[in-house]
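Numbering (the numbering used here), first residue to last: 1 to 528.
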């Protein structure tokens with residue numbers, strides 16, 4: 001581990017040294033957030049004990065051991081936050097079910113005690129001293145902000161051939177199921193850390209796939225919410241048309257617990273107007289029998305035989321739980337990819353400049369052009385594996401008043417929503433849709449970048465702004481795969497209920513084994 005990593009984890013070591021010996025006996029591996037919440041409420045444990053146990057796991061398997069490199073920084077006051085929660089509880093002033101539960105935050109979301117780097121050395125001094133509203137809401141609910149997670153640098157928008165999970169600040173995140181495989185991105189660290197029980201739950205962000213891909217490929221549940229339910233203020237942006245934070249965890253109930261504290265209006269983010277109408281306890285509506293009588297559409301994309309077999313098992317579990325399944329075909333949506341790309345590139349240039357204008361004087365970049373110049377000047381550190389082709393394309397766009405951009409935005413949203421997800425729901429007479437989220441994790445490859453193989457379910461919900469839930473579908477050749485649940489706008493609660501019922505019926509999630517690689521005896525036909 002290099003000097004930068006040692007400095008990052010020095011805070012964690014000091015915190016552990018201050019913890020009492022008894023704290024080390026607390027078990028947190030694979031313990032649900034809902035269980036931690038219940039144990040705190042019943043007085044069976046303390047937030048300080050739980051928090052110290054997570055810090056110990058970060059030291060043991062993230063900073064060394066398997067060396068996941070999923071946590072980019074630990075909050076210096078994490079134990080102080082936990083002790084404050086314990087004091088509130090003792091005084092009878094509990095803030096809710098999330099009070100005292102440790103949460104990790106993706107490092108493109110501002111927290112007041114740590115820099116927000118988006119993985120880039122250009123933002124290493126981005127100490128704003130403020131919380132993003134979504135973080136402020138989590139604090140108001142009593143959550144312990146444990147630290148920040150590594151990510152694909154600039155949320156994976158810098159290059160056409162990037163390597164998911166790598167950033168100049170944090171290095172390469174490793175997948176806890178097989179350490180030589182991708183953790184996907186861009187919420188790579190949130191995915192690996194939550195899978196490895198380095199926190200109870202984690203927050204990621206998504207523009208297109210960046211919550212659901214690392215969730216699926218790290219054996220997690222992840223929710224990309226309906227656009228506008230969760231604030232994006234003080235989040236390093238790509239696209240105001242598609243960006244949203246989202247919860248990630250090891251169960252649907254854990255994700256629902258976290259999501260309940262994230263929803264809400266933010267006057268600084270116009271997209272959230274009306275979001276308070278959707279503030280509720282999303283965990284309260286979860287039932288194992290929720291699939292009884294539900295009509296579900298499914299589509300079968302091109303995929304490898306072993307993934308198809310796992311998908312068939314998932315469909316069988318849905319049927320056994322009482323759902324009626326109707327196969328649908330993906331509509332022909334010519335041009336959606338190109339239109340989405342123009343939208344993202346145009347908005348990146350404008351939105352990033354608006355964000356950088358609010359950063360401290362110590363941050364020397366103020367525009368995308370400045371970031372491009374910074375990368376060129378620091379190429380050895382910033383571009384050892386891949387370049388910045390996407391940044392250059394974004395820099396060449398013509399602004400938010402460009403008619404081509406406006407047409408692309410309207411076209412892509414129409415194709416993804418009314419003519420995409422809504423059309424499939426109508427054709428099936430269904431409440432929701434299911435399909436494989438992605439394939440399985442590929443080998444991390446610095447020389448060639450990401451090698452996306454198999455299906456991808458993220459584009460339509462990302463572009464339309466509709467919700468997208470992924471739930472573990474089990475292992476394929478020793479590697480995790482996810483089942484996507486899709487619906488129309490504001491069907492987040494419905495997706496969580498259906499996903500929970502599927503999860504309870506299938507029991508498909510398998511904990512990570514931290515294998516160095518996949519053994520040869522697990523051949524392509526194995527569904528282990």
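Where is the CB? At the ideal position from N, CA and C, for every residue including glycine.
In angstroms with no decimal places, state the Cα-to-Cα distance between residue 441 and residue 190. 16 angstroms
Would residue 411 and residue 484 be called neighbours here (beta carbons separated by less than 7 angstroms)? no
Given residue 324, which residues of its chain have a CB within under 8 angstroms of its CB, disregarding the five upstream and five downstream residues? 293, 294, 295, 296
Kindly list the residues whose CB is nearer than 7 angstroms to the CB of residue 329, restricted to its own chain and excluding five residues on each side of it in sequence; keep chain order. 299
Along the chain, where does the beta strand (DSSP E) that runs through residue 223 open and close? 221–224
Whole angstroms are fine: how far does the CA of residue 201 sit from the CA of residue 29? 12 angstroms
Select from 227, 236, 204, 439 the residue whose C-alpha is nearest the C-alpha of residue 258. 204
Look up residue 268 in the DSSP assignment and say whether it is helix, strand or coil. coil
With DSSP as the reference, label residue 298 as helix, strand or coil. strand
Candidates 68, 166, 99, of which the one nearest residue 381 by Cα: 166
Would residue 141 and residue 114 qualify as a contact pair, given that the criterion is a beta-carbon distance under 7 angstroms? no
Straight-line gap, residue 447 to residue 274 (C-alpha atoms, nearest Å): 46 angstroms
Please classify residue 349: is it buried, with 16 or more other beta-carbons within 10 angstroms of its beta-carbon, or exposed? buried
Whole angstroms is fine: what's the gap from residue 272's alpha carbon to residue 170's? 31 angstroms
Can you list, in chain order, the residues of its chain with a C-beta nearer than 8 angstroms to that of residue 128? Leave out the 5 residues immediately preceding and following it. 110, 112, 116, 234, 358, 359, 360
Check each candidate in 224, 301, 312 and name the one with the smallest Cα separation from residue 491. 224
Opening and closing residue of the beta strand (DSSP E) in which residue 500 lies: Looking at the DSSP string, residue 500 is not in any beta strand (DSSP E); the run it does join, the alpha helix (DSSP H), is 492–506.
Whole angstroms are fine: how far does the CA of residue 502 sit from the CA of residue 495? 10 angstroms
So what's residue 417 in DSSP terms, helix, strand or just coil? helix
For residue 370 and residue 473, the rounded distance between their alpha carbons: 43 angstroms
On the three-state DSSP scale, how would you describe residue 442? coil
So, residue 256 versus residue 282, is the Cβ gap smaller than 7 angstroms? yes
So if DSSP puts residue 178 in a beta bridge, which residue, or which two residues, is it bridged to? 175, 515
Looking at residue 253: is its Cβ nearer than 7 angstroms to the Cβ of residue 220? no
Helix, strand or coil: which one does DSSP assign to residue 393? helix
Rank 180, 173, 103, 163 by C-alpha distance to the C-alpha of residue 148 and give the top, closest one. 103
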